[in-house]
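Contents: one structure, followed by commentary.
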Amino acid sequence: AQSVTQLGSHVSVSEGALVLLRCNYSSSVPPYLFWYVQYPNQGLQLLLKYTSAATLVKGINGFEAEFKKSETSFHLTKPSAHMSDAAEYFCAVEAGNNRKLIWGLGTSLAVNP
Amino acid sequence: DVKVTQSSRYLVKRTGEKVFLECVQDMDHENMFWYRQDPGLGLRLIYFSYDVKMKEKGDIPEGYSVSREKKERFSLILESASTNQTSMYLCASSYSGTSTDTQYFGPGTRLTVL
C-alpha cells in the first residue's frame, strides 16, 4: 500500500530564506509523485510532478523537488521565499495505475517579513 | 485552461436536510473526484467516477452518494446532513490517459450543517 508523510504541519521562514518542505513516501511499485499548493480560500493547483523522467523536477513559481529513491523522499524547495508563497502545500503519491492519489496531511507555510 | 466549477462557495444547511453539491468541468475529462478537507486531516476521497454512470467508493463514503449522468457533471449528495459533515468539499477532474495526469480542482464549497 502507498502512503505519504509530510514532516512538519507548520513551517515558518523569513522572506528571502530557503524553503524546504519534506515529503516521504512508501510504495511497493515505482511511484508518481506530486506537489500541490492551496492558496487561502482557493482550490488546489499543481506545483510539479515526478513521472520517472528526470529526478530533479522544476515547477511553477520557482519551486523544485528532487526524487530520491534511496531515501524514499520528494522534498520541495525554493531558494528564496516570497510573501506570496504563504499557502498550504500537499504532497501526493499515485502508484498502481488506479488514477487515485494518496495525500499527505499538508504543510502550512508562513513567510515572515 | 481547464476549468472546474462548483455550484456554491458557501452553503449553510440544517441537520437532516438533503444537500446537493454540484461540480462541472469543461475539459472532457473522464475522471472526477469528490474530496473533503478538514484541518489536520488533509484531503480524504469520498467518491470517484471514471466514466458516466460509473462510480467507486473512496476512503469515507458513508453518509454520501454521487451521481454522474453526464460526463461534465459530478454531483455529491448528502442524504441526511449531519453536523459532522461540516467541512470544505473539493471537486477535481483528470484526463483518463495515464496515472500521471494532473487533477484539476474547483475552488471548493464550505458547507456548514447546523
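If you're matching them up, the sequences are chains A and B in order. Per the working numbering, the first sequence starts with residue 1, numbered consecutively. Per the working numbering, the second sequence starts with residue 114, numbered consecutively. For every residue, glycine included, the Cβ atom is placed at its ideal position computed from N, Cα and C.
For R22(A), same chain residues with a beta-carbon under 6 Å away, outside a window of 5 residues either side, are L7, H75 in chain order. About 6 Å separates the Cβ atoms of S188(B) and F133(B), confirming a contact at the 8 Å cut-off. Spatial neighbours of D139(B) in its own chain (CB-CB distance under 6 Å, excluding positions within 5 residues in sequence) are listed in chain order as K116.
Burial check for N144(B): the Cβ neighbour count within 10 Å reaches 16 or more, so the residue is buried.
Residue pairing for Y202(B): DSSP places it in a beta bridge opposite R149(B), T222(B).
Pairing Y25(A) with V4(A) gives a Cβ-Cβ distance under 7 Å. Cβ atoms of G171(B) and Y160(B) come within 8 Å of each other, at about 5 Å.
Rounded to the nearest angstrom, the gap between the Cα atoms of V57(A) and E192(B) is 43 Å. Bounds of any beta strand (DSSP E) do not take in M83(A), whose DSSP letter is neither H nor E.
Proximity of chain A to S206(B) at the Cβ level (cut-off 7 Å) is not reached, the minimal Cβ distance being about 11 Å. Under a 10 Å Cβ-count criterion, L101(A) is classified as buried, with 16 or more other Cβ atoms of the shown protein chains found around its own Cβ. Taking 7 Å as the cut-off, the Cβ atoms of G59(A) and L47(A) count as close.
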